[in-house]
Amino acid sequence: MFAVSRLTWQWSVVAEVFTLNNLFVGLLFLSTASFHCAESGTQRSKIAHLGAFCCGLGLCNQHTLVIYVVLVIPWVLRRLYCEKELSLRSIASLAVCFGAGFLPYVYMPVSSYMNAARWSWGDQTTVSGLLTHLLRSEYGTFSLLASRLLLSCWICNLKKKVLSLNKLQASVFNEMCLSCFRKSGTVSLLVTAMLLVYSLFFAWRANLDIGRPLLLGVVERFWLQSDAAVCVLAGLGLNRTCSILERKLGSGAFWKITGWLLTITLFVHSVHTSHK
30 MFAVSRLTWQ WSVVAEVFTL NNLFVGLLFL STASFHCAES GTQRSKIAHL
80 GAFCCGLGLC NQHTLVIYVV LVIPWVLRRL YCEKELSLRS IASLAVCFGA
130 GFLPYVYMPV SSYMNAARWS WGDQTTVSGL LTHLLRSEYG TFSLLASRLL
180 LSCWICNLKK KVLSLNKLQA SVFNEMCLSC FRKSGTVSLL VTAMLLVYSL
230 FFAWRANLDI GRPLLLGVVE RFWLQSDAAV CVLAGLGLNR TCSILERKLG
280 SGAFWKITGW LLTITLFVHS VHTSHK
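30 is the number of the first residue of the sequence shown in my numbering; add one for each residue after it.
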């Protein structure tokens, strides 16, 4: 459903950092799930190191990913600690992989010094100039829109442009998410925390007037990251709901087929509503 939403398509056909950010958000969720399901310490170590590198690389592209990263890091370290696989050596190697993801930034002062780029973000041969770009100071560093409107506008966007649900479908979707939250494992709680912290953080750092269409378009791009989290929670909720029904009522194949039919129905409806 996320893949066929209007915002995803709108910003996936242009050369934008938000398009690539969708990829890194997806990789973050994939590595998180793979790490959670890993059956051996060797698998967990490989996934953790690859995930650390992807997190660093993703932060080179879009700094809003940091809100998800700062929640994933302690979750991974805690899991490694509980499995008695955490050591100073493993922390150091994870830090190296995370830092390796920032290597593309090495090009910036070199390019600025050689004046090789057609367009640039100013003089990055100095530490202050490089930090200005790294912190996105020209954009206000994590500042977006009028805080009172942020959550209500995002929820409206989620319903109309991502989920495209009528009242019946919305109630089913809500029940799926609530089931995921009530009976969730650590991954579901982690994704929920990501969504809440991301939404509340930008409500706090709000400063743009979304009454102006141009500024609304700027803000909408940042909703993609939270929309992805909502869709992940919906999928986890559907899986949890089918598992509960199968355990209590039996007929596992029936509930699996029902789950797929519901998914296909919502998918087709979303495509029809968003792209008609």
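C-beta atoms are modelled at their ideal positions from N, C-alpha and C, and glycine is treated no differently.
Predicted, not measured: the structure shown is a model, and the values here were computed from it.
Buried versus exposed, by CB contacts within 10 Å (16 or more), residue i
i, result
"Ala155", "The amino acid at residue 155 is misidentified as Ala; the sequence shows Thr. With fewer than 16 other Cβ atoms within 10 Å, it is exposed."
"Arg241", "exposed"
"Met262", "First, the amino acid is wrong: residue 262 is Leu here, not Met. So Leu262 counts as buried."
"Trp289", "exposed"
"Arg118", "exposed"
"Glu112", "exposed"
"Tyr136", "exposed"
"Asn144", "exposed"
"Gly266", "buried"
"Arg177", "With a pLDDT of 48 at Arg177, under the threshold of 50, the modelled position of this residue cannot be trusted, and the question is left open."
"Val105", "buried"
"Ser60", "buried"
"Cys271", "buried"
"Ser141", "buried"
"Trp38", "exposed"
Option nearest residue i by Cα separation, candidates the options
i, options, result
"Leu36", "Val259, Gly246, Phe296", "Gly246"
"Tyr134", "Gly158, Leu219, Cys111", "Gly158"
"Gly80", "Ala129, Glu68, Glu45, Gly264", "Ala129"
"Lys285", "Leu295, Thr294, Leu274", "Leu274"
"Leu218", "Leu163, Leu100, Tyr136, Cys126", "Leu100"
"Val220", "Ser116, Cys260, Glu249, Leu253", "Cys260"
"Leu109", "Trp38, Leu265, Arg269, Lys75", "Lys75"
"Asn268", "Ala222, Gln254, Leu253, Leu291", "Leu291"
"Pro103", "Val300, Thr215, Ala282", "Thr215"
"Met223", "Ala258, Trp233, Glu249, Val248", "Ala258"
"Val248", "Thr161, His301, Ser228, Gly266", "Ser228"
"Phe82", "Leu56, Arg107, Cys66, Ala62", "Leu56"
"Val226", "Val98, Trp38, Thr61", "Val98"
"Phe131", "Ile120, Ile293, Leu163", "Leu163"
"Ile293", "Val43, Cys66, Gly264, Gly281", "Gly264"
Short Cβ contact (8 Å threshold) for residue i with residue j
i, j, result
"Phe31", "Asp256", "yes"
"Phe230", "Ile96", "yes"
"Gly85", "Phe127", "yes"
"Leu11", "Val46", "Residue coverage of the chain in this structure runs from 30 to 305, which leaves residue 11 outside it and unanswerable."
"Leu17", "Trp40", "Residue coverage of the chain in this structure runs from 30 to 305, which leaves residue 17 outside it and unanswerable."
"Ser116", "His78", "no"
"Ser299", "Val33", "yes"
Exercise for the section: Please determine if the stretch 79 to 95 and the stretch 41 to 59 are in contact, where contact requires at least 3 C-beta pairs separated by less than 8 Å. Expected result: A contact exists between the stretch 79 to 95 and the stretch 41 to 59.
Problem - Meets three-Cβ-pair contact criterion under 8 Å: the stretch 267 to 282 and the stretch 57 to 74 - result: no
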